[in-house]
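Engineer:
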Ligand code: ADP
Ligand code: MG
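In UniProt numbering, the protein residues as written are 284 to 574.
1) May I ask which residues mark the beginning and end of the beta strand (DSSP E) holding residue 383?
2) Sorted by chain position, which residues of the same chain lie with C-beta nearer than 7 Å to residue 358's C-beta, five sequence neighbours on each side aside?
3) Taking contact to mean 3 or more Cβ pairs, one atom from each stretch, closer than 8 Å, check whether the region 401-417 and the region 291-311 are in contact.
4) What is the DSSP secondary structure of residue 416, reduced to helix, strand or coil?
5) Measuring alpha carbon to alpha carbon, tell me which residue in 530, 424 and 553 is nearest residue 536.
6) Which two residues bound the contiguous beta strand (DSSP E) that contains residue 444?
7) Are the C-beta atoms of residue 520 and some chain C residue less than 8 Å apart?
8) Does the beta-carbon of residue 438, which I'm using as the reference point, lie nearer than 7 Å to any heavy atom of the ligand ADP?
9) Does the Cβ of residue 353 have 16 or more other Cβ atoms within 10 Å, making it buried, or fewer, making it exposed?
10) Based on the DSSP secondary-structure assignment, which residues constitute the bridge partners of residue 375?
11) Is residue 340 buried or exposed, if buried means 16 or more other CB atoms sit within 10 Å of its CB?
12) Residue 444 and residue 366: beta carbons closer than 8 Å?
13) Who are the Cβ neighbours of residue 607 in its own chain at under 6 Å, not counting the five residues just before and after it?
14) Does residue 473 come out as helix, strand or coil in the three-state DSSP assignment?
15) Going along the chain, which unbroken runs of the beta strand (DSSP E) with 3 or more residues stay wholly within the region 285-314?
16) Which residue or residues does DSSP assign as beta-bridge partners of residue 399?
17) If you draw a straight line from the alpha carbon of residue 570 to that of residue 564, how long is it in whole angstroms?
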């Protein structure tokens with residue numbers, strides 16, 4: 284049967300918008316030694332904006348934006364939505380739909396538009412990693428924490444877009460508050476190493492795993508479990524469902540995907556990272572009472 288202290292933690296949590304899906308999760312959270320965070324939408328606000336555009340000399344920027352926006356209009360990825368919004372701000376709307384669209388989760392999209400085949404996404408997806416693709420510009424942009432979207436047409440590298448997401452106001456203060464609890468913080472992301480380190484630094488995160496595919500995030504969780512014991516993961520479920528499932532405690536944010544909200548052990552309904560601190564405090568208090 285459920286202990287009074289556990290029940291009290293669960294009901295206190297509920298009042299604060301923290302949903303513990305069972306007493307066991309209150310108990311386990313207090314013992315966690317490492318927390319892995321998804322980057323986009325978890326440590327950041329998840330609403331990136333296009334800040335820079337570099338195109339190959341023979342390409343008209345507006346024509347490029349048209350093609351890219353028409354293709355990204357078919358995707359629900361946060362980067363895709365940002366690119367479509369950027370085009371709309373420039374009056375580029377009502378574009379014909381692309382053909383032969385193929386979106387590869389964690390990589391990007393490929394499609395035919397206006398009789399041209401386009402690839403949009405990660406560098407390794409769009410061309411070989413050693414292609415010189417606005418290398419000097421992207422080096423600077425990634426150090427600023429911006430995400431680069433690479434674009435190629437049938438003639439090869441065509442353009443790069445830089446997108447800036449903002450870090451949640453509560454990210455760095457939360458890590459600093461939890462520092463004396465001796466918890467190790469890790470960021471998991473499909474983004475580039477350099478972008479990831481810039482954001483980790485600003486968010487006061489100890490360690491990063493960048494360039495991650497969903498299976499790499501899962502692997503990292505298992506490594507953390509070996510090294511630290513009990514590991515929690517906070518994410519929105521957008522292609523991190525396997526990693527969330529592998530964590531000892533999975534935590535979803537209120538604005539996450541339905542799958543994440545359904546399958547996670549704890550839900551932070553307020554979509555505010557500060558709730559994580561409150562959840563940890565509740566679980567530690569309960570464990571002190573029980574022991
Ligand atoms: P994260 O782990 O940060 O949430 P994802 O796994 O969703 O990132 O995506 C990893 C990378 O793949 C992105 O940084 C981007 O370069 C590329 N990508 C994925 N989908 C798209 C898309 N629809 N348009 C452009 N780039 C994309
Ligand atoms: Mg994601």
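For every residue, glycine included, the Cβ atom is placed at its ideal position computed from N, Cα and C.
Quick caveat: nothing in here was measured; it's all calculated off a predicted structure.
Structural biologist: Walking through what the data contain:
1) That run of the beta strand (DSSP E) goes 382-387.
2) 386 and 392
3) no
4) coil
5) When only C-alpha atoms are compared, the closest one is 553.
6) Run containing residue 444: 439-447, per the beta strand (DSSP E) assignment.
7) Considering every chain present, this structure includes no chain C. It has just one protein chain.
8) no
9) buried
10) Answer by DSSP bridge pairing: none, since residue 375 is not bridged.
11) exposed
12) yes
13) Coverage of the chain is limited to positions 284 through 574, which leaves residue 607 absent and any answer about it impossible.
14) Under the three-state reduction of DSSP, residue 473 is assigned to coil, being neither helix nor strand.
15) 301-303
16) 396
17) One C-alpha to the other measures close to 10 Å.
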